[in-house]
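Remarks on the structure that follows.
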Amino acid sequence: MGHVRNYTMGDVVARYKAAQGFSVLHPMGWDAFGMPAENAAMEQGGHPKDWTYGNIAVMRDQMKPLGLSIDWSREFATCDPEYYGQQQAMFIDMLDAGLVYRKNAVVNWDPVDQTVLANEQVIDGKGWRSGAEVERRELTQWFFRISAYSEELLEALDGLKNWPEKVRLMQRNWIGQSRGLQFAFSTIDAPEGFDRIEVYTTRPDTLLGASFVAVSPDHPLAKQLERHDPEVAGFVDACRKIGTTEEALEKAEKRGFDTGIRVRHPFDNEWELPVYIANFILMDYGTGAIFGCPAHDQRDLDFARKYGLPHPDVFVALDDASPVTDTAFVPPKTERVHYIRGFAGEEVQTGAEAVEAAIAFCESQGVGHGVTQYRLRDWGLSRQRYWGCPIPVVHCETCGVVPEAKANLPIRLPDDVSFDQPGNPLDRHPTWTRCACPKCGAPARRETDTMDTFVDSSWYYARFTSPRAETPTEREETDYWMNVDQYIGGIEHAILHLLYSRFFARAMVQTGHLPESAKEPFDALFTQGMVTHEIYRHNPADPNDERYVSYDVVGDIVRKPGTEAARLVEKFHLPDEVVTFNIGDERVAVLKKLVTDLGYSLDKQSDLEKAWRAAEVSNARLRIIPSAKMSKSKKNVVDPVNIIAAYGADTARWFVLSDSPPEKDVEWTSAGADATYKHLSRVWALSERIAEMEEGAPSEADTDLMRAMHTAIADVTRSIENFAFNKAIAELYAFNNTLSRSMASGAAQKIAMRVFAQLMAPMVPHLAEDIWARQGGEGLVAQAPWPKADPAMLVRDTITLPIQINGKRRSEIEVPADLAKEEVEKRALADDAVVRALDGRAPKKLIVVPGRIVNVVI
RNA sequence: GCGGGUGUGGCGGAAUGGUAGACGCGAGGGUCUCAAACACCCUUUCCGCAAGGAGUGUCGGUUCGACUCCGACCACCCGCACCA
């Protein structure tokens with residue numbers, strides 16, 4: 003249903019723009035690589051390819067009846083070799099251009115299944131299938147050098163005028179530009195090769211408030227110490243169990259390990275600071291080492307208090323010089339503060355000024371240098387999985403890592419793979435991995451990593467402009483069509499997908515696959531809300547929650563849990579499989595099958611209550627998890643086919659557009675489709691009635707109807723322009739009400755009905771087409787030019803002016819629209835309610851906003 | 001934890017700083033009908049018989065006037081780099 007909503011919105015825009023005379027490219031493709039296909043293969047057997055193309059066929063069949071104005075001749079799936087082969091060609095070009103490289107990076111490693119896990123496959127630090135404690139493991143992986151574009155991606159955000167401000171802000175924060183000082187502490191008693199520790203700080207002005215130095219558990223120093231000191235090894239090991247996500251690190255309890263190593267303060271040789279290994283320091287950011295200034299950073303303060311370290315104040319508020327105790331003093335950098343341990347700049351200055359002064363001072367003293375850092379990390383694209391685009395390189399013993407010859411592309415995924423054992427089937431494939439080195443011809447081994455699916459979705463828009471080309475793109479076509487004028491996607495893509503696409507477009511420009519003008523691929527962005535639904539979870543593995551235990555469900559079979567099933571941590575059920583009802587005040591959910599197996603009806607509350615009394619039903623109760631984004635993995639998805647089959651495409655389209663604003667989430671409930679269907683039936687009945695009317699004689703009612711019609715044109719047009727489809731529909735309802743009650747002549751009503759059909763055509767194209775034909779419209783409504791509102795018809799002669807007394811609406815007066823302000827004041831003061839409230843006194847103030855409102859202040 | 005957002009009747013929601021609740025759903029009442037369905041008409045934020053009063057998550061502020069702007073808080077949602 004999420005897709006139905008998304009595509010219907012896009013279709014409204016496509017049809018509306020086409021009616022305005024634009025040539026519209028409205029394509030369809032399938033982002034088809036990824037884990038779900040492999041999971042299905044593992045769970046149900048079969049091949050990811052068959053599962054994927056099968057699902058595409060089903061979805062295409064679901065979408066076709068919706069009447070979307072899609073150019074199906076351009077359709078493709080990202081798992082088509084014709085698509086991913088071109089992606090491989092671009093990868094090679096980007097490798098040549100220095101935009102791709104290899105380095106070590108950590109992954110989640112499941113020691114039992116001997117496989118790499120995605121973050122979502124790690125639940126509470128354990129592998130989702132094996133239940134084994136997940137380890138962090140370093141692998142050599144492929145990276146896109148997105149960080150080379152950090153500054154460019156940041157600065158270009160300002161030009162994206164038609165993007166939501168919140169998305170630009172999120173990307174800005176994600177790229178995370180910061181200005182700071184990088185310098186080295188000299189060490190005491192450190193292992194060889196570590197006589198200096200480089201740190202990066204955004205607050206060099208707090209250098210005299212330093213109380214410790216901390217390095218990441220992945221810092222070379224930590225790794226060196228780990229080798230010889232079992233205590234360090236123990237601590238570092240524990241840190242590595244936390245997980246790889248930033249969220250996990252940030253939420254974990256802040257812990258440190260005193261290495262015994264000391265460093266000298268750069269300004270004072272006698273001043274020594276302890277060096278800790280701390281679990282909250284990221285190796286990927288800055289230098290992987292920091293100095294802590296507890297007085298002005300809450301995290302540092304918590305750490306200092308925990309380990310009994312001092313927390314000297316560096317600056318205090320202008321009006322409050324009390325020292326820091328439990329709460330760090332962290333004012334905005336723009337606030338002026340009083341420096342009591344300053345060393346550069348004025349005694350009273352803003353944080354930002356102090357930072358610049360500190361950098362200048364440190365540079366003059368030869369202590370480090372000012373640097374601009376970015377939080378944005380390079381894009382790791384390696385996946386140790388089968389169902390993705392193979393990375394087109396080979397490993398040759400003599401030549402090293404060599405890109406494939408373009409003539410050998412596409413490097414196709416082998417079909418003869420099995421998923422009966424964990425791990426990457428490519429890795430253990432007997433023949434596929436064998437190949438010849440493209441450089442020296444000697445036997446070599448094919449790269450078995452595949453690409454992150456974000457790569458697939460980072461350039462498909464460009465491919466749509468020439469989907470069958472022998473090169474990734476064709477210049478003539480990209481010149482004509484690019485950029486994407488309107489991109490519609492969920493807010494969940496605000497950062498990763500949209501940032502990667504922006505990078506990829508630039509990389510394509512750099513490698514000659516897109517014109518310079520297309521480096522920002524999406525001119526306008528609309529973030530539509532998600533379609534949500536509650537989630538039904540069976541939880542046989544939770545021994546503490548007996549309400550949900552007792553029965554295990556595998557496919558259609560319901561049975562007592564066995565040892566085999568106990569390995570399944572969670573199992574979700576489709577809303578279609580589940581019935582919910584009330585027992586007392588509590589809402590419960592069980593599988594429909596359990597109820598019907600007992601011979602009870604799903605529609606009768608009394609039957610459901612009877613079924614509930616049976617232990618095998620109430621014991622197999624499902625947990626209801628509050629609404630969340632519809633997702634296959636949580637199975638909280640609704641099949642649109644049923645709606646279309648019962649009511650037709652127009653009802654489905656109208657329904658997903660009405661009520662909820664497009665940018666907001668909408669909770670899917672099946673109630674309401676019926677009401678939509680009734681409404682559309684009434685519209686058709688109205689059209690029939692009008693079609694049979696005599697032309698009649700013009701009357702004053704004709705003018706009223708024409709006014710209403712032009713108002714409707716103006717309102718609906720504006721609403722569609724603003725993506726306010728729910729408002730456009732509300733305005734269509736209002737016009738429907740006016741028209742159905744109008745006493746205007748048949749001739750006028752026929753004109754109004756034809757315009758009505760045009761206005762509703764983007765939303766309900768099929769009904770609109772029928773009405774258009776019935777009312778004698780020429781050709782297809784889909785090809786009729788969009789109606790224009792006559793401004794003269796929108797002007798009102800008299801207006802109703804609300805009268806407020808002390809800001810509260812108390813009365814209203816009817817006045818000519820162009821009445822002079824003085825006259826409005828006079829009439830307002832003569833109004834009964836005003837006279838009563840004034841009670842003979844003069845008003846303190848009288849505000850008249852012409853055409854808007856009158857406010858009498860008493 | 002950090003970054004971003006949202007919060008309005010029974011429900012979905014509407015409102016360039018200017019009549020809070022458009023439009024729809026649901027509910028109630030009525031007309032039509034032997035009856036029902038359909039259709040049509042009326043009512044429907046809360047308190048109050050009414051006059052009137054209160055009201056947009058909570059508390060405070062700016063303003064003649066605040067759902068809208070500012071500050072603090074609460075709740076929920078999205079993202080956090082291997083879900084896509």
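Note that my numbering has the first sequence beginning at 3, numbered continuously upward. Where a beta carbon is used, it is the ideal one built from N, C-alpha and C, also for glycine.
Taking the CA atoms as reference points, Thr800 sits about 4 Å from Pro818.
For Lys105, the beta-bridge partners assigned by DSSP are Gln143. Counting only residues of its own chain and dropping the five nearest sequence neighbours on each side, Trp389 has a CB closer than 6 Å to the CB of Phe35, Ala39, Glu40, Pro50. Counting only the Cα atoms, Lys680 lies some 34 Å from Asp599.
Scanning its chain for C-beta atoms nearer than 6 Å, with the 5 sequence neighbours on each side dropped, one finds around Phe78 the residues Gly31, Tyr85, Pro469, in chain order. Here Phe269 really is in contact with Phe345; their C-beta atoms are around 7 Å apart, less than 8 Å. Uninterrupted alpha helix (DSSP H) stretches at least 4 residues long and entirely within the stretch 714-794 occur at 727-743, 748-762, 767-776, given in chain order.
In the three-state DSSP reduction, Cys241 falls in the helix class (H, G or I). Sixteen is the threshold: since fewer than 16 other Cβ atoms of the shown chains lie within 10 Å of the Cβ of Ala687, the residue is exposed. Every unbroken stretch of the beta strand (DSSP E) spanning 3 or more residues and falling wholly within the stretch 302-352 is given here in chain order: 317-319, 338-341, 350-352. Taking C-beta atoms under 8 Å as the contact rule, Arg829 and Ile815 qualify, at a distance of about 6 Å. Of the candidates Asn739, Glu249, Pro789, Ala835, Pro789 places its Cα closest to the Cα of Ala763. Annotation: the continuous alpha helix (DSSP H) that includes Thr653 extends over 651-659. In the structure shown, Gly56 adopts helical secondary structure according to DSSP, grouped into three states. Sequence-distant Cβ neighbours of Glu733 in its own chain, meaning closer than 7 Å and more than five residues away, are Ala714, Asp717, Val718, Ser721. Under DSSP, Met532 forms no beta bridge with any residue. Its Cα nearest to that of Pro787, the residue Leu761 stands out among Arg776, Leu761, Lys810, Val102.
Counting only the Cα atoms, Ile361 lies some 29 Å from Gly262. Cβ atoms of Gly236 and Gln375 stay farther apart than 8 Å, at about 32 Å.
The stretch 342-418 contains, as complete beta strand (DSSP E) runs of 3+ residues, the segments 350-352, 371-376, 395-398, 402-405 (chain order). When DSSP reads this structure, Trp32 sits in a beta bridge with Ala79.
Three or more beta-carbon pairs drawn from the stretch 275-285 and the stretch 246-264 are found closer than 8 Å, and the two stretches are therefore classed as touching. By DSSP's assignment, Ala134 forms no beta bridge with any residue. Annotated three-state conformation of Val826 is helix, per DSSP. In the three-state DSSP reduction, Phe506 falls in the helix class (H, G or I). In this structure, Val238 sits near Pro219, with a CB-CB distance shorter than 9 Å.
Taking a 10 Å sphere around the C-beta of Arg104, we find fewer than 16 other C-beta atoms and assign the residue as exposed.
If you check the CB distance, Pro852 and Val836 do not come in under 9 Å. Judged by DSSP secondary structure, Asn41 falls within the alpha helix (DSSP H) whose first and last residues are 37-46. Exclusion of the five residues before and after Lys729 leaves Ser721 as the residues of its chain whose Cβ lies within less than 7 Å of its Cβ. Here Ser459 carries a coil assignment [DSSP, helix/strand/coil]. For secondary structure counted as the alpha helix (DSSP H) over 4 or more consecutive residues, the stretch 166-196 holds these complete runs in sequence order: 167-177.
Remark: C-beta atoms of Leu682 and Asp641 do not approach each other more closely than 9 Å. Distance from the Cα of Ser180 is smallest, within the candidate group Glu153, Ala192, Lys163, for Glu153. Excluding five sequence positions before and after Phe506, the CB atoms of its chain that fall closer than 6 Å to its own CB belong to Ser460, Trp461, given in chain order.
Excluding its 5 nearest sequence neighbours in each direction, Tyr502 has C-beta neighbours in its own chain below 6 Å: Phe456, Ser460, listed in chain order.
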